[in-house]
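**Q** Residues 860 to 1007 in the numbering used here are what the sequence shown lists, from first letter to last.
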Amino acid sequence: MRVTIVRSIVIAAIYIALVLLLHPFSYGPIQVRVADMLSPLPYIMGIESVFALTIGTFIANVFSPFGIWDMAIGTLCTFIYSIANYIIGKVFGYRRWLLPIIALIDSIIVGIFIGVILLSYIFEAGQALPLFIFVAIGNLIATLPGAV
């Protein structure tokens, strides 16, 4: 039990540190949140990393220029893709060839939540499709290298 808690804290801390160290690239319509390279962890490690990434996202988004909206929507987004990754891992078991597919699924979820819902709808930052594309591609850039 203690090992699980410590491992979760370490994952959350790494996520937070990466977001804050790379702050200019972690928020906004054109972003590459390098911390999202950790997104396959629920598929690989299990439920403990779902909570670690969700808590890490919430704390990292405290420093977001989009405030409470990013804390709520960004955290929900991370929780949803983390649960999806966890379920895929439970259903299929670990298969290395699934990692790029998981990266793509995560990028679509992030593109919808951050690009469409957060940036275009709430902040009226422009058209939904270009924002979806920019955010999804940024997420894919962050997640795909670790998946191949």
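The beta-carbon is built from N, C-alpha and C at its ideal position, and this holds for glycine as well.
With 8 Å set as the bound, which would you pick, yes or no: does the beta-carbon of ILE914 sit closer than that to a beta-carbon of chain C?
**A** The structure shown contains no chain C; it holds only a single protein chain.
**Q** For GLY974, does the three-state DSSP call read helix, strand or coil?
**A** GLY974 falls in the helix class under three-state DSSP.
**Q** Can you name the start and end residues of the alpha helix (DSSP H) that PRO1004 belongs to?
**A** It spans 987-1006 - the alpha helix (DSSP H) in which PRO1004 sits, taken as one unbroken run.
**Q** State yes or no: is the C-beta of ALA1006 within less than 8 Å of the C-beta of ALA943?
**A** Going by C-beta atoms, ALA1006 is not nearer than 8 Å to ALA943.
**Q** Go ahead and label PRO901 buried or exposed: buried means 16 or more other beta carbons lie within 10 angstroms of its beta carbon, across all protein chains shown.
**A** Classification for PRO901: buried.
**Q** Use the C-beta contact count for PHE951: other C-beta atoms within 10 angstroms, 16 or more gives buried, fewer gives exposed.
**A** Per the 10 Å Cβ criterion, exposed.
**Q** DSSP state of VAL862, grouped into three classes?
**A** Correct three-state label for VAL862: helix.
**Q** Could you check where the alpha helix (DSSP H) with ASN920 kicks off and where it finishes?
**A** Counting along the chain, ASN920 falls outside any alpha helix (DSSP H), and DSSP gives it neither H nor E.
**Q** Considering just the uninterrupted stretch of the alpha helix (DSSP H) at ALA894, what are its terminal residues?
**A** Element bounds for ALA894: n/a, residue is neither H nor E.
**Q** Count the C-beta pairs between the region 864-878 and the region 967-984 that are closer than 8 Å, then say yes if the count reaches three, no if not.
**A** With the cut-off at 8 Å, the region 864-878 and the region 967-984 do not touch.
**Q** Kindly indicate which three-state DSSP category PHE925 falls into: helix, strand or coil?
**A** The answer is coil: DSSP assigns PHE925 none of H, G, I, E or B.
**Q** For SER885, which of ALA987, VAL969, MET904, TRP956 has the nearest alpha-carbon?
**A** Nearest of ALA987, VAL969, MET904, TRP956 to SER885, Cα basis: VAL969.
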